[in-house]
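Notes follow the structure.
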Amino acid sequence: MSAGGLSLLSAWARVFASDDPRPEFAATAINQVLLFYFGTSDAADDASIDIIVPLVSEHGDLVPFKIIAPGAEKIAVVTDANPEPLILAIDQIRHSPGVIVGRARFAQSGTLTCYVMRSGVLGRASRRVAVPGHWQEQS
Amino acid sequence: MQYPMRIKVIEDSSGFQVMCEILHPMENGRRRHPGSDKIIPQNYITQVVFRLNEVIQAEILLGQYVSANPVIGTHFSKLTRGDTIAISWQDIAGNGGSASQIFDQ
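If you want it as structure tokens, here you go:
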């Protein structure tokens, strides 16, 4: 069995131990989320994806975001701030640009990343979000 | 259990933003009752479907990290007077709901 196959198998083992029956939502690594939801984890930076999110959110329980992705077929919104990265995903998009508006919970400061599938190619864009109590050091 | 919801349509430069707000606790199973040590059971919305004149326009899958009383929205490029916008949802506990609105702007 290949290394990729082994990794997917171990991901499945962890998924079965989780509460959410959907593997993409129970996955604990962003790569696993992408494999389960898009079937690939090869993504390139995409400047056409627009993420509107506050730089500092007043409360980690309520981080508003808006994502605009022209020509999107599927969108997944993930963060490294939570134990399970996938916040929400949108499928069967019939209008362009693909837009998703929502409000997320962040357990700590982290990066909101949006993955967009269009014509079989996976693109990505990210924004950093700070939440109270988890201030970032200045670089 | 009944969870109220409402639909809002906002016109923007490229079409219409269709939003819904569902008054749902979105419990992620990690919180405890205040004053006791009991964990509040998981109960969060897993799916929201947007329909226009009975045709699915977008299917949104939600996880446990969406805020309580979620506001979820997407984009419709065209709406004409008399179109019916319907939004339905279901949660992990088996509850569900729907609302519809006739576009009259």
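Chains as they are written, first to last, in the working numbering: chain A, 1 to 139; chain B, 1001 to 1105.
Cβ atoms here follow ideal geometry from the backbone N, Cα and C, with glycine treated the same way.
No experiment lies behind these values; they were computed from the predicted model shown.
### Query
If you drop the 5 nearest sequence neighbours on each side, which residues of the same chain put their C-beta closer than 8 Å to that of residue 1007 (chain B)?
1018, 1019, 1020, 1085, 1087, 1099, 1100 and 1101
### Message
With a threshold of 8 Å between beta-carbons, can residue 1080 (chain B) be considered close to chain A, or not?
### Response
no
### Task
Could you check which residue in B:1051, B:1042 and B:1078 has the C-alpha nearest to that of residue 1013 (chain B)?
B:1078
### Message
Tell me which residues share the same chain as residue 45 (chain A) and place their Cβ nearer than 8 Å to its Cβ, disregarding the 5 neighbours each side in the sequence.
### Response
123, 124 and 125
### Task
Give the secondary structure of residue 24 (chain A) by DSSP, where H, G and I count as helix, E and B as strand, and everything else as coil.
helix
### Task
Give the straight-line distance between the Cα atoms of residue 115 (chain A) and residue 75 (chain A), rounded to the nearest whole angstrom.
6 Å
### Message
Quick check on residue 1031 (chain B): buried or exposed, where buried means 16 or more other Cβ atoms within 10 Å of its Cβ?
### Response
exposed
### Query
So, are the CB atoms of residue 1028 (chain B) and residue 1092 (chain B) less than 8 Å apart?
no
#### Entry: Whole-angstrom distance between residue 26 (chain A) and residue 1074 (chain B), CA atom to CA atom
24 Å
### Ranges of the beta strand (DSSP E) found wholly within the stretch 57 to 101 of chain A, counting only runs of at least 3
63 to 69, 74 to 79 and 86 to 91
### Task
Please check if any C-beta of chain B sits within less than 8 Å of the C-beta of residue 108 (chain A).
no
### Task
Give the interface partners of residue 31 (chain A) over in chain B, defined as CB-CB distance under 9 Å, in chain order.
Per Cβ cutoff of 9 Å: no residues; residue 31 (chain A) is ~17 Å from chain B at best.
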